[in-house]
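So the mapping is simple: the working numbering equals the position in the sequence shown, first residue as 1, plus 5. All C-beta atoms, glycine included, are put in the ideal place defined by N, C-alpha and C.
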Amino acid sequence: MKNILVLGGTRFFGRKLVEMLLKEGHRVTILTRGTVSHPFGNEVKHIIADRSRKEQLQHHFAGQTYDIVYDNICYTPNEAKDFCEVFNGKIGKLVFTSSLSTYSVDGNEKREADFHPYNYPIQLEKNEFVYDEGKRQAEAAFFHYADFPVVAVRFPIVLGEDDYTRRLHFHVERIQQDRMIGFVNTEAEMSFILASEAAAFLKWAGFSEVEGPFNATANGKITMKKLIHIIEKVTGHTAKITLDGDEENFSPYAIPASWYMNTEKAEKAGFTFTNLDDWLPALIKKIAKDNKK
């Protein structure tokens with residue numbers, strides 16, 4: 006049995022990770038701001054705190070040690086640096102949820118070496134970053150300041166019927182309602198991962214011997230045109246697509262060029278990914294069905 010801390014863990018793939026850990030009998034503590042309820046009851050220890058406040062981390066975790074920590078909610082280098090200063094010498098390993106957003110959207114397949122966090126300039130004088138730069142900065146800070154092993158898991162957009170961002174839902178709903186969707190390039194390809202697989206990968210990253218950055222995505226990629234075609238087939242509606250979108254109808258997937266990852270590094274380390282084509286149509290069908298209720 007491992008003693009595990011999860012920063013986040015009350016919704017979507019973070020919740021699924023906690024469910025997996027509890028099912029295996031591990032001792033789990035979650036840290037959240039307390040704004041979202043969780044279903045775990047007394048199965049977990051729940052610490053309510055703001056992880057961006059170093060003094061709160063120092064207060065709640067004085068004298069505490071953990072085998073593995075999962076950090077799903079770090080977005081700045083200062084948060085990463087403060088975490089390391091609080092937890093250095095107290096944890097066995099950190100698994101940090103990073104992102105495909107650390108890579109530029111340039112149409113090329115992304116490998117881990119395409120963003121090198123170990124020599125990336127860290128900007129501690131800034132407290133606010135756009136999402137992609139925040140994740141780059143956080144990776145760089147963790148790898149620089151940690152005295153424990155760190156895995157940075159770079160996920161693409163994570164999909165699931167309970168996705169609170171509802172990005173895939175946006176497309177299904179608008180097509181069902183015969184409403185316009187704005188794209189930039191319908192030939193652009195993207196990779197995705199299912200929430201349950203994202204949780205399984207995080208667990209694997211924590212319990213295996215791997216360190217460093219790892220891409221994690223389902224096998225395969227899909228053009229936006231094909232994605233829309235699948236939704237049309239499932240719903241029986243013809244999509245209304247424009248390449249001259251506005252703020253109201255712009256797709257969350259409106260990227261100018263292909264944006265997807267290579268997972269050879271993780272596969273060689275022992276993780277087997279699902280195939281996107283095996284589950285995406287079924288997920289779309291479930292979302293479409295739920296929308297009709």
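Is the beta carbon of residue 153 less than 9 Å from the beta carbon of residue 224? no
So, helix, strand or coil for residue 251, using DSSP? Here residue 251 sits in coil by DSSP.
Taking residue 180 as the reference, give the member of 256, 19 and 43 with the closest Cα. Nearest of 256, 19 and 43 to residue 180, Cα basis: 256.
Going by DSSP, name the residue or residues bridged to residue 12. 36 and 76
Any idea what DSSP makes of residue 245, helix, strand or coil? strand
With a cut-off of 8 Å on the beta carbons, I'd call residue 222 and residue 198 a contact; round off their distance for me. 5 Å
If we count the other Cβ atoms within 10 Å of its Cβ and call it buried at 16 or more, is residue 63 buried or exposed? Its Cβ having fewer than 16 others within 10 Å, residue 63 is exposed.
Exposure label - residue 234; buried when at least 16 CB within 10 Å: exposed
Just to confirm, is the Cβ distance from residue 226 to residue 201 under 9 Å? no
One question on the structure: do residue 156 and residue 215 come within less than 9 Å of each other, judged by their Cβ atoms? yes
Opposite residue 169 in the DSSP bridges: which residues? Looking at the DSSP assignment, residue 169 forms no beta bridge with any residue, so it has no partner.
Helix, strand or coil for residue 201, going by three-state DSSP, please let me know. Looking at residue 201 - three-state DSSP - the assignment turns out to be helix.
Give the range of the alpha helix (DSSP H) segment to which residue 294 is assigned. 281-296
Taking its Cβ as the centre, do 16 or more other Cβ atoms sit within 10 Å of residue 126, making it buried, or is it exposed? Exposed is the call here.
Give me the Cα-Cα distance between residue 174 and residue 267, rounded to the nearest whole angstrom. 26 Å
In terms of alpha-carbon separation, which member of 47, 73 and 36 lies closest to residue 56? 36
Kindly indicate which residue of 90, 91, 190 and 170 has the alpha-carbon position closest to the one of residue 112. 190
Check the DSSP bridge columns for residue 71 and list the partner residues they point to. 96
Distance CB(residue 209)-CB(residue 147) smaller than 9 Å: Annotated as distal: residue 209 and residue 147, with beta-carbon spacing of 9 Å or more.
Chain-order list of residues whose beta-carbon lies under 8 Å from that of residue 91 (same chain, five-residue window excluded): 59, 62, 63 and 66
Candidates 39, 188 and 106, of which the one nearest residue 259 by Cα: 188
Mapping the DSSP letters down to three states, classify residue 6 as helix, strand or coil. Correct three-state label for residue 6: coil.
How would you write the range of the alpha helix (DSSP H) that residue 141 sits in, first residue to last? Where residue 141 is concerned, the enclosing alpha helix (DSSP H) starts and stops at 136-150.
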